[in-house]
Amino acid sequence: MNIKELAKIAGVSPATVSLVLNNKKGVGEETRRHVNAVLEEYNYAIPKRTKSTPKNILFIKYIEQDLMNEENFEFTATVLDSIENDCRNFGYSLSILTSENCLEETLQSIDFTLYQGLILLGTELDFHTYPLLDKIPIPYIVIDNKMPHMECNCIALNNNEMVYKALYHLANLGHKTIAYFRSNKITPNSEERKNCFLAACEKCNLTYEPVNELLLTPTLLGAYQSMKEYLEHSTSLPSCAFADSDAIAIGAMKALKEYNYKIPEDISIIGFDDIPFSAINSPTLTTIAVPKKLIGSMALRQLHTTIEDPTFQNIKIFVGGTIVVRESTKEWTGINNYEKID
């Protein structure tokens, strides 16, 4: 039986049960006696901790699709570096665990008495896996997933704001029609990004036709090969494109150049992430920079607050980004000099 089930039986919030279990302030004496009576009635075993037990945080990287592991590598590495740095500042040690398409088994195998809190990289979590998190008996926070309709702490990207910034930049350069270089590996995050893209097209008066949605493999090499396959059959593209990620943008740009497209003269391209390759690609890539270090730091600090005060529940933080203008976008003149290779 977990804390949520006990809370339902006792008629109180999970936070109240947690406060009683940890013998912390914030609960009236009558409520405390009532909760303790329920705990005793249901023989709930309170995990024993000793002062000698080290303060430890567990980071779980959940992977469902191998390709997403490569696409998300730089994001994960930077976030982890930030978390590890803040763990030292707060006196925590950090353990890292990878769960490859077996989250339920992973959670069942963990001895949670060894940890004070948990951070879960939830990029690929979907609605069907959300209930598994109810079995986590310690404070936790999810990164890179808004966790809709789920009561938990999380930090996610403000896709709506960030995608709008990208498309507004293109519209401000005079572009009228747009293509969407979209990941062919669908996640809750990418689904939300598409909805934000469609909304931003309308707000920015950019014409978008479904035929200009190119589903590309979300890796540098995969996007390059996917774009080449597309260009074998069609070479008609709008004057600009938004890519779901920098990896997709850079891979697509390499293929486009092989088919005699000049970037940005024939097509302006903007990415999403600001990975290191973006600044050294030729041409350098205009993109939306994601504050990865900030996300890691905020995750650890929010988790620390929850450990100290269990009432700090269901806090959802959305982080925005900034546009980095480089060489892959320019003002649209209305003239396309593209020549197909014979």
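Each residue of the sequence shown is one higher than the one before, starting from 1382 at the first, in this note's numbering.
By construction, the Cβ of each residue, glycine as well, lies at the ideal position given by its N, Cα and C atoms.
Below 6 Å CB to CB, which residues in the same chain sit around I1349 once its five sequence neighbours on both sides are set aside? Limits of the chain in this structure are 1382 at one end and 1723 at the other, which puts residue 1349 out of reach.
To the nearest angstrom, how far is the alpha carbon of S1709 from that of P1645? 5 Å
Taking Cβ positions, are I1378 and L1587 nearer each other than 7 Å? Because the chain here runs from 1382 to 1723, residue 1378 falls outside it and cannot be looked at.
Pick from A1633, L1601 and D1625 that is closest to I1612, judged by C-alpha positions: The question names Ile, but residue 1612 in the sequence shown is Leu. Nearest of A1633, L1601 and D1625 to L1612, Cα basis: A1633.
Specify whether the stretch 1504-1516 and the stretch 1662-1676 touch according to this definition: at least 3 beta carbon pairs, one from each stretch, less than 8 Å apart. no
Find out if the Cβ-Cβ distance for the pair D1467, L1618 is shorter than 7 Å. no
Could you say which of C1621, P1672 and E1410 lies nearest to A1458 if we only look at CA atoms? P1672
Among Y1423, S1399 and T1504, the one whose alpha carbon lies nearest that of R1413: S1399
Going straight from the alpha carbon of S1654 to that of T1598, what length do you get? Before going on, a small fix: residue 1654 reads as Asp here, not Ser. If you take the alpha carbons of D1654 and T1598, they lie about 16 Å apart.
Among K1697, T1703 and G1715, whose alpha-carbon lies nearest the alpha-carbon of P1529? K1697
Taking a contact to mean a Cβ-Cβ separation below 7 Å, would you say G1498 touches P1518 in this structure? no
Looking at C-alpha atoms only, which residue of V1706, P1395 and F1471 is the closest neighbour of S1678? F1471
So who's on the other strand from L1650, going by DSSP bridges? According to the sequence as given, residue 1650 is Ile; it is not Leu. Looking at the DSSP assignment, I1650 forms a beta bridge with A1622.
Locate the beta strand (DSSP E) running through T1703, then write down its first and last residues. T1703 to V1705
Identify, in the order they occur along the chain, each residue of the same chain with its Cβ nearer than 7 Å to the Cβ of A1636, setting aside the five sequence neighbours on each side. Y1605, M1608, K1609 and L1612
By how many angstroms is the C-alpha of F1693 removed from the C-alpha of Y1425? 23 Å
Residue range of the alpha helix (DSSP H) that C1533 falls in? Here C1533 belongs to no alpha helix (DSSP H), and DSSP marks it neither H nor E.
Thinking just about the alpha-carbon of each residue, which of S1615, I1648, I1522 and Y1642 is nearest to the one in I1676? I1522
Quick one: Cα of G1715 to Cα of I1648, how far? 11 Å
Mapping DSSP to helix, strand and coil, what is G1603? helix
So A1537 and F1658 are in contact, right, with Cβ under 8 Å, and what is the actual spacing, rounded? Actually they are not in contact, since the Cβ atoms of A1537 and F1658 sit about 24 Å apart, beyond 8 Å.
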